[in-house]
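Everything below concerns the one structure shown next.
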Amino acid sequence: MAVGIFDSGLGGLTVLDATQKRLPDVDFLYFGDNAHAPYGVRTADDIFNLTQTAIHRLWEDGVDLTILACNTASAAALRRIQEGGLPPGKRVLGVFVPLIEALTERNWGDNSPPREVAVQHVALFATPATVASRAFQRELAFRAIGVDVEAQACGGVVDAIEEGDMILAEALVRSHVDALWRKMPKPQAAVLGCTHYPLMADVFQDALGPDVKVFSQANLVAESLADYLRRHPGMTGQGQSGFLTTGNPRKVSDRATQFLRRRIEFRAA
Ligand code: DGL
Numbered sequence: 006m007a008v009g010i011f012d013s014g015l016g017g018l019t020v021l022d023a024t025q026k027r028l029p030d031v032d033f034l035y036f037g038d039n040a041h042a043p044y045g046v047r048t049a050d051d052i053f054n055l056t057q058t059a060i061h062r063l064w065e066d067g068v069d070l071t072i073l074a075c076n077t078a079s080a081a082a083l084r085r086i087q088e089g090g091l092p093p094g095k096r097v098l099g100v101f102v103p104l105i106e107a108l109t110e111r112n113w114g115d116n117s118p119p120r121e122v123a124v125q126h127v128a129l130f131a132t133p134a135t136v137a138s139r140a141f142q143r144e145l146a147f148r149a150i151g152v153d154v155e156a157q158a159c160g161g162v163v164d165a166i167e168e169g170d171m172i173l174a175e176a177l178v179r180s181h182v183d184a185l186w187r188k189m190p191k192p193q194a195a196v197l198g199c200t201h202y203p204l205m206a207d208v209f210q211d212a213l214g215p216d217v218k219v220f221s222q223a224n225l226v227a228e229s230l231a232d233y234l235r236r237h238p239g240m241t242g243q244g245q246s247g248f249l250t251t252g253n254p255r256k257v258s259d260r261a262t263q264f265l266r267r268r269i270e271f272r273a274a
């Protein structure tokens, strides 16, 4: 049974790549809603409806466990999806918690009361919808006290990456980091709260400087999925992967191939 990996577009490939390396025997089915990306400028209702449609499509292919490898969907839709009730045997997980557990030095599922942690000044880079949801701050408040979060909505970065315009993406990242500096001159840590941003991780690190620890999700989510599958065995397959897109399969395949540096073939969802 394949694990579903969902994103509004190409960003979730950063999570897929890390999880495939961590779990080479697991089968994966990726769903990129490229026709509707970016999600980050959409309303919460819109994001919820698009995410639901994608999850149902993955279910048609027999997926039981879906990772929302999209912070925007995790922030704007996950709670509503879970509270709405899922059919028996179906699970949907988000990407926020592994990141926040790493930031707050917690092991998986440590639900002890919030406590002081090493970092006190955290920069959050995310899409406008993720920033507006305040989901990151909410999850953080369950686990840590005394952490000051300054959120920077990085308009335009996802669009530029989806279009393969990495020069524009770099210019936008640098201007968003400048905007963050003006609000928080000395962040200790920076969170890349969008799965597209690891594709620009070097630019974020370069713009932020060597003293800022940059937290990126892909490996954290891979480790957390490995842990989940240890506790819920039976998902081992042959290490195969499939790729679905609502966009133009040829165009999306070419971009994905460029990002992952191996041939990726998408088919129409
Ligand atoms: N990769 C998505 C995320 O993690 C991008 C959302 C968008 O399409 O704006 O938030």
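Residue numbers (the working numbering): 6 to 274.
For glycine and all other residues, C-beta sits at the position ideal for the given N, C-alpha and C.
Below 7 Å between beta carbons: does that hold for residue i and residue j?
i    : j    : result
F248 : Y35  : yes
L225 : A123 : no
D22  : L265 : yes
M6   : D69  : yes
G160 : T71  : no
A137 : Q157 : no
N4   : G14  : A query on residue 4 cannot be resolved here, the shown segment of the chain reaching from 6 to 274 and no further.
V152 : Q193 : no
A59  : V20  : no
A149 : P119 : yes
V163 : A212 : no
V102 : I86  : no
K188 : E155 : yes
L83  : G99  : yes
R62  : A274 : yes
M240 : V31  : yes
A227 : T56  : no
S258 : F33  : no
L104 : Q222 : yes
F271 : T251 : no
D232 : W113 : yes
At least one CB of chain C closer than 7 Å to the CB of residue i: is that the case?
i   : result
F53 : Of the chains in the structure shown, none is chain C; there is only one protein chain.
Shorter than 6 Å, the distance from the beta carbon of residue i to the closest heavy atom of the ligand NAP, or not?
i    : result
A134 : With respect to the ligand NAP, the structure shown offers nothing to examine, as its ligands consist of the ligand DGL.
Of all residues in the structure, which have a C-beta closer than 6 Å to any heavy atom of the ligand DGL, taken in chain order? D12, S13, G14, G16, A42, P43, Y44, G45, C75, N76, T77, T132, T135, V163, C199, T200, H201
Determine, using beta-carbon pairs with one atom in the segment 79-86 and one in the segment 160-177, whether at least three such pairs fall under 8 Å. no
Uninterrupted alpha helix (DSSP H) stretches inside the segment 243-272 (no shorter than 4 residues): 254-265
Is it the case that the segment 142-149 contacts the segment 177-193, given that we only count it when at least three CB pairs across the two stretches are under 8 Å? no
Flag this pair as touching only if the segment 126-134 and the segment 191-199 have three or more C-beta atom pairs under 8 Å; answer yes or no. yes
What runs of the beta strand (DSSP E), each 3 residues or longer, lie entirely inside the segment 199-227? 218-220
Give the list of continuous beta strand (DSSP E) stretches no shorter than 3 residues that lie fully inside the segment 108-145. 126-131
Please list the segments of the beta strand (DSSP E) lying wholly inside the segment 30-94, counting only runs of 3 or more residues, in order along the chain. 33-37, 70-73
What runs of the beta strand (DSSP E), each 3 residues or longer, lie entirely inside the segment 165-198? 194-197
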